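2 protein chains.
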Amino acid sequence: MIPSKGHCVLRGTNEKLQCKKCLTPETVNPNYRGLEYSLSGPVLQKAIEIEKEILEGHKKKFKNVILLNIGDAQSLGQPPLTFPRQVLSLVAYPDLLRDKTFPEDVKLRARDILENCPGGSAGSYSYLCGMDIIRKKIATYIEKRDNVASNWENIIIGQGVADMAKLFMSLLKSNKYGLAAGILNPVPECPFYSSIIAELGLKRIDYFIDEDNQWNININELQRAIDEAKSRCNPRAIIVINPGNPTCHILTKSNMEEIVKFAFKENLIIIADEVYQNDVLKDDCDFISFKRILNDMGKPYSDIELVSLMSVSKGVFAESGIKSGYAEFVNLDPEIPPMFVNLASASYNPSALAQSTLYSLVNPPKPNEPSYELFKHEKNVIIGGLKMSASIAEESIHSLEGMSCNPLEGGTFFYPRLMLPQVAIERADRMKLSPDEFYAMELLQETGICVAPGSAFKQKPGTYHIRMTLPSDPEMAHEIMERFKEFHFQFMKSFS
Amino acid sequence: MIPSKGHCVLRGTNEKLQCKKCLTPETVNPNYRGLEYSLSGPVLQKAIEIEKEILEGHKKKFKNVILLNIGDAQSLGQPPLTFPRQVLSLVAYPDLLRDKTFPEDVKLRARDILENCPGGSAGSYSYLCGMDIIRKKIATYIEKRDNVASNWENIIIGQGVADMAKLFMSLLKSNKYGLAAGILNPVPECPFYSSIIAELGLKRIDYFIDEDNQWNININELQRAIDEAKSRCNPRAIIVINPGNPTCHILTKSNMEEIVKFAFKENLIIIADEVYQNDVLKDDCDFISFKRILNDMGKPYSDIELVSLMSVSKGVFAESGIKSGYAEFVNLDPEIPPMFVNLASASYNPSALAQSTLYSLVNPPKPNEPSYELFKHEKNVIIGGLKMSASIAEESIHSLEGMSCNPLEGGTFFYPRLMLPQVAIERADRMKLSPDEFYAMELLQETGICVAPGSAFKQKPGTYHIRMTLPSDPEMAHEIMERFKEFHFQFMKSFS
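Structure, rendered in structure tokens:
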């Protein structure tokens, strides 16, 4: 027997009909109740407030707020590369194909895209999994990277890493033996993964990455995390971010092999977020993909299910606002990708415009093409700048008391640890902020530098961190680190 | 006690370790098992096959396949409007702002967008709900349309109608009294809605639109549908598509008022898909938004929760591949939109490029601006063409025996009914096709015209239909309808 629905309320003496809300915090999807995006905490809110005050003419100790809290290189002034943007403009407005100022290789790419759009226009619906011509070039790019075969039909183009991860993880939702599916999630985390896990009603199994061991992944810790989780969920996948966000660490080959063996033993799918694969910051480090590791390890490991994610959002391209990326499915049951496609059919169709940028990423100008020199130059400036910024950041942190940092190997963030004085911790507590939030808030108010507190990424109890974005302009990095050092020195002095 | 997980299988005498798939059709999210996108059925598969054969040089009775199965105007040769595409190319490649061949109003729009992108670049992350400047212009557009106030903060920009509907419907997921949330879904349906409902694990409550009454919505039928559903789910919302897809009907004011009263009585949220609002095909028809109806009806109806969806995909713009749209939330509990935003934070951020097209839609050239005349001309050609095509289609259908069609009032599809001879129905049955699939398959193979069979949209038992896209080029419409009439005549003759 279903209780009758109170669809309207009679109120007062004249029994006036009133409308009752159908959707309220009490009746909303319970997965979304209390869902908060940790990067939008009080420090960012304060930064937005200060920016507004500066616009209104209020005097501050600094000219402007510098948002180092998210990885948004172009917002910090990193220029987009000319080649992909020229391709994009031609795909958007093909009349420009007649314009003689655009190089022939740009026109060639734009024509490739347009000829593969139904009706020859980027305004028509694109293919569900992305354009075949681009998927094939992605396969070639992967083969060149790994020296391992890649089947383009296992590559699905989407709107970026978060979007593809969500679509894939939604497939994992199940209820075996009454237990929800569990996902091993690295801590410090990338906050969108825990949001997706919560939103889908999956269970998060946090594992701590080993800061004392250069941010490698400790297998005993993986085992602890999964063993503790087995009574409350059914572990199905492990997320590994390599190069790391926020850790800036590149996993060693032997560590990756251990992770693979663990995934095999526990029958886990590996979800490899490899979005920083082209952002190696140290000459003695190499990025190795999980696909290559699986392949090199041979049977039975080479059969492990793997989803590798990549996008145009980071590194040299840094086209976070374009929203394009791909997933390569390795070793999936052949019946799964078509399900993914049926699922995607309803609300999908990646934009042909966005895809054209992915095409530029995997099919850049070749040495004999007219855009090659400029492309190479722009790329070198950015990657060279990032490397210099990483050195500046590393040296600065090492020069400070009460701060430490593992080597910056790959990615676009760094994540130093703070050894905060007890007085500062108590002050934070009185202000109802976590200690690193308090530190970040003081940093913001004194210097205009907005960083993300480690509490937004979770951390080992009693440890404190901040995450900062590496600007690709080393002069900017230098200026920021000088302001930062001065602040840190004063902060430590006043709380010691 | 949890059964131990068989994470690997020992086989054969040398006990070689083998890898066992973690994700299989048996262990996948049960909502996705058997999920099929009905528009991708055998007729479309055949069309793709024939297209491939033609490319390979096989001789057919026709030059090419014409895909009238989906609403993809640009794939049928409808040209994109110059103004939004010029804006797009400038946003993508701002060096073109110095190019004197671009009109000043185009540059003005592009500068508006770029100045509101962090770092002045479309490659930076955009704001979660879309750019404020565009949301404000959308509010102005809505106010002009309805003569009712619109608060821009209630407008959220996303990737299109399906994307926004999915995000909103996911909020409705709940389990009151052990019952899943139910959504009233119009039949003939728009297939992505039923896919989304299934994917989210919601319950679909189909209601039949009344073909015998010019595709109006019959309140007795709504009542029947909801009453039958109440024992298996908790009805929370009703989807109404107006102007109709595939019906091409524009709801009358009095019918809309009845629907509103029904929604009030049953405490339902109205999800109004109003994507064809600018595609009115008859001079004596007017589009009225649900928001305006609610407002005009006054209390208590003006408090009903409403989500109105719109995108750049249809009509004169027809930018299906650009992926941009908006949702206006009306009367939602004020705590709900922030939840939507937290939810979106994880995997969202609409592309600034895509948004620029939405900006052109709601902020087109004004009479005193340089692009005005060309914009007006291009728009008139398309909407005039669509109206002529609608007349041609209507007249053609009326001239045929065994076919009927309600007036084509608004939208870009038409959905004639087929009265098929018994012999044809039996033949279809032997071929394991639905009767309208069989008809569509014959039409495809004889003429190259690919339409969507009514069975893809569900239909009243014993009725058969096809859905065809209206081309905006009346010459194309004429040629298609001539081939169609000839085919239909022969088909009916051979099966009578």
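Quick note, the sequences are listed as chains H and V, same order. Everything in the first sequence is counted per the numbering used here, starting at 1 for the first residue and increasing by one. Everything in the second sequence is counted per the numbering used here, starting at 1001 for the first residue and increasing by one. The beta carbon of each residue, even a glycine, is placed where N, CA and C say it ideally should be. Here the structure is a predicted model, which is why all the values come from computation and not from measurement.
DSSP three-state label for Glu328/H, please.
strand
Could you name each continuous alpha helix (DSSP H) segment of 4 residues or more that falls completely within the region 1084–1138 of chain V, going from the start of the chain to the end?
1104–1115
Spatially closest choice to Phe262/H from Gln277/H, Pro235/H, Asn406/H, by CA coordinates:
Pro235/H
Within its chain, find whatever has a CB closer than 6 Å to the CB of His544/H; leave out the 5 residues flanking it on each side and keep chain order.
Because chain H in this structure spans residues 1 to 496, residue 544/H falls outside the shown range and cannot be described.
Against Arg236/H, what residues of chain V qualify as contacts under a CB-to-CB distance less than 7 Å, listed in chain order?
Cys1022
Pairwise C-alpha distance: Phe1329/V and Ile1205/V
23 Å
Cβ of Ser1038/V within 7 Å of any chain H Cβ:
no
Checking the sheet assignment: what are the DSSP bridge partners for Asn1185/V?
Asp1206/V
Start and end of the alpha helix (DSSP H) containing Thr447/H?
435–447
Using the beta-carbon of each residue, which ones in chain V are nearer than 7 Å to Gln18/H?
Pro1300
Determine, for Leu1361/V, whether the minimum Cβ-Cβ distance to residues of chain H falls below 7 Å.
no
Determine whether the Cβ of Ser320/H lies closer than 7 Å to any Cβ atom of chain V.
yes
With 16 other CB atoms within 10 Å as the buried threshold, where does Pro1416/V fall?
buried
Just the C-alpha distance for Ala1551/V and Ile304/H, rounded to the nearest angstrom, thanks.
Given a span of 1001 to 1496 for chain V in the structure shown, any question on residue 1551/V remains unanswerable.
Give the single residue among Gly1384/V, Phe1317/V, Ile1397/V, Asp1333/V whose Cα lies nearest to the Cα of Asn1363/V.
Phe1317/V
When Thr1140/V, Val1381/V, Val1087/V, Asn1151/V are compared against Arg1111/V, the one with the closest alpha-carbon:
Val1087/V
Residues near Arg33/H by beta carbon distance below 8 Å, same chain, minus five either side:
Pro25
Anything in the region 96–119 of chain H with a Cβ closer than 9 Å to a Cβ of chain C? List those residues in chain order, please.
The question asks about chain C, but that chain is absent: this structure's protein chains are H and V.
Check the Cβ-Cβ distances between Ala477/H and every residue of chain V, and say whether any is below 7 Å.
no
When the Cα of Ser1170/V is compared with those of Ile1156/V, Tyr1177/V, Ile1196/V, Ile1155/V, which residue comes out closest?
Ile1196/V
Do you know how far the Cα of Asn1220/V is from the Cα of Val1240/V?
16 Å
Am I right that Gly1448/V and Ile1066/V are in contact with their C-beta atoms under 8 Å? What's the rounded C-beta distance?
6 Å
Here's a check: name, in chain order, each residue in its chain whose Cβ is nearer than 7 Å to the Cβ of Pro103/H, leaving out the five neighbours to either side.
Pro370, Ser371
Pro1300/V to Pro1407/V span [Cα, whole Å]
34 Å
Give the residues from the region 1406–1436 of chain V that approach chain H closer than 8 Å (Cβ to any Cβ), ordered along the chain.
none
Quick check on Met419/H: buried or exposed, where buried means 16 or more other Cβ atoms within 10 Å of its Cβ?
exposed
Cα-Cα separation, Ile1322/V to Ser351/H:
5 Å
Hey, is the region 1170–1189 of chain V in contact with the region 146–156 of chain H, meaning 3+ C-beta pairs nearer than 8 Å?
no
Between Phe491/H, Gly158/H, Phe489/H, Glu446/H, which has its C-alpha nearest Lys46/H's C-alpha?
Glu446/H
Could you tell me if Ser1121/V is buried or exposed, where buried requires 16 or more neighbouring beta carbons within 10 angstroms of its beta carbon?
buried
Select from Ile50/H, Asn29/H, Val341/H the residue whose C-alpha is nearest the C-alpha of Leu443/H.
Ile50/H
Anticipated Cβ contact below 8 Å, Asp237/H with Leu172/H, distance rounded
Reading off the sequence, residue 237/H comes out as Ala, not Asp. Correct: roughly 6 Å between the Cβ atoms.
What residue from Arg232/H, Asp212/H, Lys166/H, Cys190/H has the CA that sits closest to Ser200/H's CA?
Inspection of the sequence shows that residue 200/H is occupied by Leu rather than by Ser. The shortest Cα separation from Leu200/H among Arg232/H, Asp212/H, Lys166/H, Cys190/H belongs to Lys166/H.
Can a CB atom of chain V be found closer than 7 Å to the CB of Ala92/H?
yes
Step through the CB atoms of chain V and report whether any lies within less than 7 Å of the CB of Ser75/H.
yes
With 16 other CB atoms within 10 Å as the buried threshold, where does Leu1055/V fall?
exposed
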